[in-house]
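Worksheet for the structure shown next.
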Amino acid sequence: MGAAVSGPPLAGRTVFFPSMTDSGVRAVASAFRSVGIDAEPIPPSDDETLALGGRYSSGEECLPLKVTLGDILKLLAHGKVRPDRMALFMPTADGPCRFGQYGPYIKGVLRELGYGDVLVLSPTCSDGYDGIGEHASELVRASWRAMMGAELLDKLLLRVRPYEKEKGAADAAFKEALSGFCGAVESRGKGTAERMRRLKNGLARGRALLRAVPADFSVPRPLVGVVGEIFCRLNSFSNDDVVRKVEEAGGECWISGVSEWLWYTNAARIRMLKRFRKHLTLEMLGARLKWHLQHRDERELLSVFGDDFRGYEEAEDVNDILELAKPYLLPDGALGEMLLSVGKTVYLHRKGADGVLDINPFSCMNGIVSEAVYPRLSRDCDGLPVRVIYYDGTHADRRYELDIFMDLVREYSARKKTVRVLAPGTGKAATA
Ligand code: SF4
C-alpha cells in the first residue's frame with residue numbers, strides 16, 4: 284500500500300458509485316469524468332457481494348446496505364483499488380429511515396478492516412463538496428442531465444424489449460445506445476448549451492438504434508407499474524431482475540426512475556423552506572432556480588424522443604403524485620418513498636396500467652406502510668392488482684408468485700375501464 288495522497292480530498296482518487304441503476308450510474312460517472320474527476324461504477328454484484336456484505340453486517344440492516352457494503356469490500360479485497368486512491372459516493376438522508384445510517388456504518392466497517400483511508404463522500408456533507416471544489420455546480424447539473432438521459436434510454440428499452448422479434452436485439456441496441464450517450468456526457472464542450480447539443484445528439488443516435496430493433500407492437504401487453512424502495516426496485520441484482528421476469532411472463536413494465544426521487548427531494552426542500560417562512564431568502568431562490576433549470580433540461584432531453592412515450596408520460600410536477608397519495612397517507616405524517624409509491628400507483632391507474640408491483644427490501648418500512656393502504660387504494664381503483672414483494676438476497680424462485688399476479692393483471696386488463704392512448708404504430712389501446 285502506498286503513501287496517502289495529499290491535497291484536496293478527491294485529488295488522485297477514483298470515485299466509485301454503488302450500482303443502483305446500471306445505466307444511470309455509468310452516465311453519472313461519465314459526468315464526473317467530464318469535469319476532470321476520475322470516476323467508475325462499482326463492478327456488478329454477485330454471490331461474493333452477499334457473502335462479504337453478510338459477514339460484516341448483523342442481519343438487521345436493509346438489503347441495500349448489505350449489497351453496497353459487499354460490493355465495496357469485494358473491490359478492496361481483490362486489490363482492484365488502493366484505499367487511499369478510492370472515494371465512495373454514498374448519498375445520505377436525515378430522518379428515521381435506516382438509510383441515514385449507511386454512510387457512518389460503512390465508514391466504521393472500513394476503519395475496522397484497515398481501509399480507513401477510503402473517503403466516503405456524501406452529497407449532504409461538506410467534505411465531498413470541498414473535494415469537488417470549483418466544479419460543484421457544473422457537476423450537479425451535468426450529473427442531472429446524465430442521469431436523466433440514461434433514464435430516458437432505459438424507458439425506451441422497456442418500451443421496445445417486450446415486443447422485439449429477435450431475442451436480445453433490444454438489449455444489444457441499448458448497450459450501444461448507452462455507450463454512445465456516455466461518450467457524449469464525458470466529452471468536454473465549451474459551454475452548457477454546447478454540452479446539451481452533444482447530449483441530445485447522443486440520445487438521438489441511441490433512440491434511432493432502439494427504434495431500429497425489429498418489433499411487433501400489434502398486440503399490446505398488459506402494463507405493470509413498478510414502484511417501491513429506490514435501490515431495490517432499480518438494482519436488478521437485488522430484485523432478481525423482476526422487470527425481466529414480468530416481461531417473460533407476458534407483461535410490459537413502467538418503472539419509476541431516480542428522477543422521481545430527486546424531484547421529491549427538491550419539492551420537500553421548498554416545502555420545508557415555506558414552513559419556516561423563508562419565502563424571500565437566497566435559499567428559496569436557489570431551490571427554485573434548481574427546480575427551473577432541471578425542468579428545462581428534462582424538457583430538452585425529452586424532446587429528442589418525439590411521441591415515443593405517448594401514454595407513458597411522467598407527472599409534470601411531483602407534487603401531483605403527492606396529492607394523489609393524500610387520501611391514503613397524511614401529507615406531513617408520512618415521508619419518502621411510501622408517498623411516491625402510493626401516489627404513483629393511483630397515477631398509473633389513471634394512465635391505464637393493468638397492475639402495480641411494489642418492490643422492497645425485506646423489512647423496509649416503506650413497503651410495510653404502503654402495503655397497509657393498498658387494499659383500500661385498490662378498491663378505489665376498480666380492483667387494480669397491487670402486489671408488494673420483499674427481497675432479502677436469498678434469490679428465492681418467485682415465478683409462481685409472479686404468475687399468479689400476472690393472471691390477476693390479465694383478468695383486470697380484460698375488464699378495466701381506463702383507455703390507454705399510445706403512439707401510432709406502437710399498439711392499439713388495450714381496452715376501450
Ligand atoms: S428505505 Fe427501506 S430499505 Fe431503504 S434504508 Fe429505509 S428502511 Fe431500509
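Count along the sequence shown from 1, then add 283; that gives the number in the numbering used here.
Even glycine gets a Cβ: it sits at the ideal position worked out from N, Cα and C.
Burial state of residue i, where buried means 16 or more other Cβ atoms lie within 10 Å
| i | result |
| --- | --- |
| H632 | buried |
| K700 | exposed |
| K458 | exposed |
| D591 | buried |
| E530 | buried |
| E684 | exposed |
| G432 | buried |
| E620 | buried |
| D665 | exposed |
| M303 | buried |
| R428 | buried |
| D680 | exposed |
| I651 | exposed |
| V704 | exposed |
| M555 | exposed |
| I513 | buried |
| S501 | exposed |
| L565 | exposed |
| D637 | buried |
| G466 | exposed |
| D686 | exposed |
| D329 | exposed |
Cβ-Cβ distance between residue i and residue j below 7 Å
| i | j | result |
| --- | --- | --- |
| E323 | F299 | yes |
| M430 | V587 | no |
| G362 | G336 | no |
| Y673 | N643 | yes |
| L404 | F372 | yes |
| S306 | D454 | no |
| V629 | L605 | no |
| V468 | S313 | yes |
| R670 | F688 | yes |
| S317 | A460 | no |
| V443 | A498 | yes |
Whole-angstrom distance between residue j and residue i, CA atom to CA atom
| i | j | result |
| --- | --- | --- |
| L293 | N549 | 26 Å |
| V510 | R579 | 25 Å |
| R296 | A617 | 39 Å |
| G485 | D400 | 37 Å |
| K561 | M567 | 7 Å |
| R558 | A551 | 10 Å |
| R394 | A419 | 27 Å |
| Y657 | R365 | 47 Å |
| L506 | D663 | 19 Å |
| R490 | S519 | 23 Å |
| Y695 | Y446 | 21 Å |
| L348 | V526 | 22 Å |
| M369 | D523 | 29 Å |
| A495 | W544 | 31 Å |
| E581 | V692 | 32 Å |
| L622 | A598 | 14 Å |
| R338 | R478 | 44 Å |
| E535 | K528 | 10 Å |
Near ligand 1: residue i beta-carbon under 6 Å from a heavy atom
| i | result |
| --- | --- |
| P644 | yes |
| N649 | yes |
| F382 | yes |
| E331 | no |
| E543 | no |
| E512 | yes |
| C536 | no |
| C345 | yes |
C-beta neighbour in chain D for residue i, strict 7 Å
| i | result |
| --- | --- |
| G432 | Although the question refers to chain D, the structure presented lacks it and comprises just one protein chain. |
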